[in-house]
Amino acid sequence: MYPILATFFLALCVLLERAIWWAAFMKKQRPSLQAQAREALGSGNFEQAWHLGNQCQDPYLRNLNEGIAHSRISMLAAMQLDATHWIEKSEARMWVLNTIITLAPLLGLFGTIVGLMGSFASLGDDQLAATKVTGGIAEALIATAAGICIAVLCLLPYNYFRKRISLLRGSLERWINHSELLVQSAKSHGYDLEAFAERLHSPQ
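In terms of UniProt numbering, the numbers along the sequence shown are unbroken and rise by one, the last being 204.
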């Protein structure tokens, strides 16, 4: 039972850490500032969009600033690279939950087999052998039940977090594509993002 309990506490730690990370990620977002940044991009006011990103820790605005800062080379590539960084952070330690979902029932089954072997080994020892066997079988089956319960308890939040990761990936893709379209629209009206990026990197 000790390995099963160890997987249970490990799963609790990972679930708690992931819940805290997602709560912090959502708290950083500023939808109103995101809307202002999109409006500034579309109107060619790149400086305002840049300063909005520096006002807070919003992941989307920070992503936009990465694109603006590297627009002389490739705004799109810079934003995609930064988005990959956020996706990797959102997926951190998910492999642990996935492993526990598979491992916990197997540990439970292994514990049951070992328990049954010990129970049947006591047959013929004394008159209380039958009682020992039935009691041992009941205890052994608890291991299987515990393993399955842990797997189920991990599976539900695991699927929830996987869904959140999928939504984040789609949201970042839409943000990047929308930002690229807004910049191209501004460029078509004579605004030069590369010139603004050049000023950012030039000595003051």
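Just so you know, even glycine gets a beta-carbon here, dropped at the ideal spot from N, CA and C.
On a predicted model such as this, the values are computed, not experimentally measured, just so you know.
Burial state of residue i, where buried means 16 or more other Cβ atoms lie within 10 Å
i           : result
C56         : exposed
F9          : exposed
residue 205 : Nothing can be reported for residue 205, as the shown portion of the chain is limited to 1 through 204.
E199        : The sequence as given places Arg at residue 199; Glu does not occur at that position. Exposed.
N54         : exposed
L16         : exposed
L172        : buried
CB contact flag (residue i, residue j, <7 Å)
i    : j    : result
A67  : L182 : Looking at the sequence itself, residue 67 is Gly, so the reference to Ala does not match. No, Cβ-Cβ distance for G67 and L182 is not below 7 Å.
H85  : A78  : no
Y60  : Q36  : no
Q29  : A40  : no
L92  : G147 : It should be noted that the sequence gives Ala, not Leu, for residue 92. The answer is no: Cβ separation not under 7 Å.
T112 : A83  : no
L107 : V14  : no
E180 : L52  : no
A195 : G44  : no
A151 : G115 : no
S90  : L193 : no
A23  : C154 : no
A197 : R62  : no
F161 : R38  : no
For residue j and residue i, believed in contact at Cβ under 8 Å, the rounded distance
i           : j    : result
I87         : Y158 : With 8 Å as the limit, I87 and Y158 do not qualify as a contact, their Cβ atoms being about 17 Å apart.
residue 224 : I176 : Since the first residue shown for the chain is 1 and the last is 204, residue 224 is missing from the structure and cannot be characterised.
* Asked: In chain order, which alpha helix (DSSP H) runs of at least 4 residues are fully inside the region 16-43?
  -> Runs of the alpha helix (DSSP H) inside the region 16-43: 31-42.
* To do: Would you mind listing the alpha helix (DSSP H) stretches within the UniProt domain "MotA/TolQ/ExbB proton channel" (74-168) that are 4+ residues and don't spill past its ends, in chain order?
  => As far as the UniProt domain "MotA/TolQ/ExbB proton channel" (74-168) is concerned, its whole alpha helix (DSSP H) runs of at least 4 residues are 75-90, 94-121.
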